[in-house]
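Heads up, the thing below is written out as structure tokens.
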Amino acid sequence: MSSHSATPQPLTARRGASLTGRLRVPGDKSISHRSLIFGLLSAGETAISGLLEGEDVLRTADAARALGADVERLGEGRWRVRGVGIGGLASPAGVLDFGNAGTGSRLMMGVVGGHPITATFDGDASLRKRPMRRILDPLVKMGARVVSEAEGGRCPITLEGAREAVPIVYETPVASAQIKSAVLLAGLNAPGRTTVVENEASRDHTERMLRHFGAEVSVEPHGSHGRRITLVGQPELTARPVVVPADPSSAAFPLVAALIVPGSDIVLEGVMMNPLRTGLITTLMEMGADIAVLDRREEGGEDVADLRVRAGTLKGVDVPAERAPSMIDEYPILAVAAAFAEGETVMRGLHELRVKESDRLEAVLAGLLAAGVDAEIAGDDLIVRGGRVAGGGTAATHLDHRIAMSFLVLGLASEKPMQVDDGTMIATSFPTFVPLMHGLGADIG
1 MSSHSATPQP
11 LTARRGASLT
21 GRLRVPGDKS
31 ISHRSLIFGL
41 LSAGETAISG
51 LLEGEDVLRT
61 ADAARALGAD
71 VERLGEGRWR
81 VRGVGIGGLA
91 SPAGVLDFGN
101 AGTGSRLMMG
111 VVGGHPITAT
121 FDGDASLRKR
131 PMRRILDPLV
141 KMGARVVSEA
151 EGGRCPITLE
161 GAREAVPIVY
171 ETPVASAQIK
181 SAVLLAGLNA
191 PGRTTVVENE
201 ASRDHTERML
211 RHFGAEVSVE
221 PHGSHGRRIT
231 LVGQPELTAR
241 PVVVPADPSS
251 AAFPLVAALI
261 VPGSDIVLEG
271 VMMNPLRTGL
281 ITTLMEMGAD
291 IAVLDRREEG
301 GEDVADLRVR
311 AGTLKGVDVP
321 AERAPSMIDE
331 YPILAVAAAF
341 AEGETVMRGL
351 HELRVKESDR
361 LEAVLAGLLA
371 AGVDAEIAGD
381 DLIVRGGRVA
391 GGGTAATHLD
401 HRIAMSFLVL
411 GLASEKPMQV
421 DDGTMIATSF
431 PTFVPLMHGL
441 GADIG
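All letters in the sequence shown, in the order written, are residues 1 to 445 by the UniProt record's numbering.
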């Protein structure tokens, strides 16, 4: 039973004391999904620590089981996956229900697309609205067949994987780690070389984890901002331990809260610092944020560090469109930071936000207006004029966890309390959000 069918639970955030303390936010969602998928595709036993136990990731664990892996939870964040290896997958007995998990469903379509098995993918009302055609198109070129789909290439989708997957060279129509990853995952079971060409570099977690598990992957520059990624097919993937770093997209919420609540001083531990994921930190530093990067190190093939964050004055900036892929999930919380900054912040080229869990661009604007912030959309740009933030309104979340958390953070520093119409879906990515914020001194309830 998905939490999205539960009764809505409104939450309210109020101004209070400064935020202080240390915390580690849950494991990165992108790495958590991939660690389970690579565990499935590897020979041997993959030990995972720090796994994000949110609803989205648990759906991927269920799907890995349905495809033949032995997946076991050993304790908090500690999991073990005994894989079947590339080519060893079985057709699942039932529907693969991904709930609200866009990443899990799209990556697993790539896995199924490269194997001679058939699976039906479905999810909640939100996932059923999300476009899957751009994932399916390259998989069909590789030999997969779409047996059935809802209108516009949406779930439920029944996919028959390739009998013998064909390696291809594929240029992605948009910068998307999900499209790239689906093609590479399908290419694992294809002979020869599968190549993905990106005009704008997207997150590279799949490439890093492919190498971590023993695949041969080469990455070359393509144009001024792009990459050409080539995978040698049919490798023997060998089980490797994965330490999941703290999710920078989740760290964004306490981080911005500490910047805007006067007197705050917090430390966020073990945050992933992959340069393709740190666009928000780059932008906040341009705005004058007091963020110190401490103890850089490597865990699970990824760069991590501790972040010390202190409240201070922010100023408005112009955020270039080419930064969007490195912070696409962080624009709602950046908009909240911009509301408290001096002057105007312009966030450019946000068309990709219109096909997230909700039309995130319109949802962010509506929430800002409900809080009394001066903001507007011009084309695909979001413009926020910062200064006094009244609060006192209710933000409609549209079943979107990031909208819910962003406007609760706003309420911690606005003049009047801020309410969100539903907080139940926060569990999809950050189940411990409210108690962890309480631990820093936040008033949310």
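From the three backbone atoms N, C-alpha and C, an ideal C-beta is built for every residue, glycine too.
Given the structure is predicted, the values throughout are model-derived calculations rather than measurements.
| Check | Outcome |
| --- | --- |
| List, from N- to C-terminal side, the alpha helix (DSSP H) runs of 4 residues or more that fit wholly inside the region 2-59. | 29-41 |
| In the DSSP assignment, find the unbroken beta strand (DSSP E) run with R310 in it and report its ends. | 302-310 |
| Let me confirm a value: P10 is counted as buried when at least 16 other C-beta atoms fall within 10 Å, else exposed. Which label applies? | exposed |
| Mark H212 as exposed unless 16 or more other C-beta atoms lie within 10 angstroms of its C-beta, in which case mark it buried. | buried |
| Please give the ranges of any beta strand (DSSP E) in the region 240-279, keeping only runs that are unbroken, at least 3 residues long and fully inside the region. | 265-272 |
| Assign H398 to buried or exposed, taking buried as 16 or more other Cβ atoms, counted over all protein chains shown, within 10 Å of its Cβ. | buried |
| Report yes or no: do the region 158-174 and the region 184-196 share at least 3 C-beta pairs separated by less than 8 angstroms? | yes |
| What number of angstroms, rounded off, separates the C-alpha of L361 from the C-alpha of E236? | 43 angstroms |
| Could you tell me the distance, in whole angstroms, from the CA atom of A215 to the CA atom of H33? | 18 angstroms |
| According to DSSP, which residues form a beta bridge with I291? | V309 |
| Please identify the residue among A363, F340, D359, I328 whose C-alpha is closest to the C-alpha of M347. | I328 |
| Under a Cβ-count criterion, where at least 16 other Cβ atoms within 10 Å of its own Cβ denotes burial, should S2 be classed as buried or exposed? | Its pLDDT being 41, under 50, S2 is placed unreliably by the model, and nothing is read from it. |
| Using a Cβ-Cβ cut-off of 7 angstroms (strictly less than) and excluding sequence neighbours within five positions of L40, which residues of its own chain qualify? | A64, L67, A69, V81, G83, V84 |
| Using the C-alpha atoms, what's the distance from S264 back to S18? | 5 angstroms |
| In the DSSP assignment, find the unbroken beta strand (DSSP E) run with M437 in it and report its ends. | Unbroken run through M437 is the alpha helix (DSSP H), 433-440; no beta strand (DSSP E). |
| Does the beta carbon of E200 come closer than 8 angstroms to any beta carbon on chain C? | Of the protein chains in the structure, only one exists, and it is not chain C. |
| From the DSSP secondary-structure annotation, give me the bridge partner or partners of E376. | I383 |
| How far does the beta strand (DSSP E) with R134 in it extend, from its first residue to its last? | Looking at the DSSP string, R134 is not in any beta strand (DSSP E); the run it does join, the alpha helix (DSSP H), is 133-141. |
| Cα separation between H4 and G54? | Only weak support is given to the placement of H4: the predicted model assigns it a pLDDT of 47, under 50, and the question is left unresolved by the model. |
| Tell me, please, whether the region 427-441 touches the region 363-379 by the rule of three or more beta-carbon pairs shorter than 8 angstroms. | no |
| Tell me the DSSP secondary structure of R360 in three-state form. | helix |
| In whole angstroms, what is the alpha-carbon distance linking D374 and F407? | 15 angstroms |
| Run through the DSSP bridge pairs and tell me what S181 is partnered with. | Partner(s): none; S181 has no beta bridge. |
| Does the distance from the CB of V319 to the CB of T345 come in under 8 angstroms? | yes |
| If I'm right that L307 touches V293 with Cβ under 8 angstroms, what's the distance once you round it to whole angstroms? | 6 angstroms |
| What does a CB cutoff of less than 6 angstroms around R385 pick up in its chain, not counting 5 residues either side in sequence? | E344, D374 |
| Can you list, in chain order, the residues of its chain whose CB lies under 6 angstroms from that of E286, leaving out five sequence neighbours each side? | V317 |
| What residues are listed by DSSP as bridge partners for P221? | R227 |
| Would you list the one or two residues that DSSP bridges to R78? | G75 |
| If you measure between the beta carbons of G113 and A162, is that distance less than 8 angstroms? | yes |
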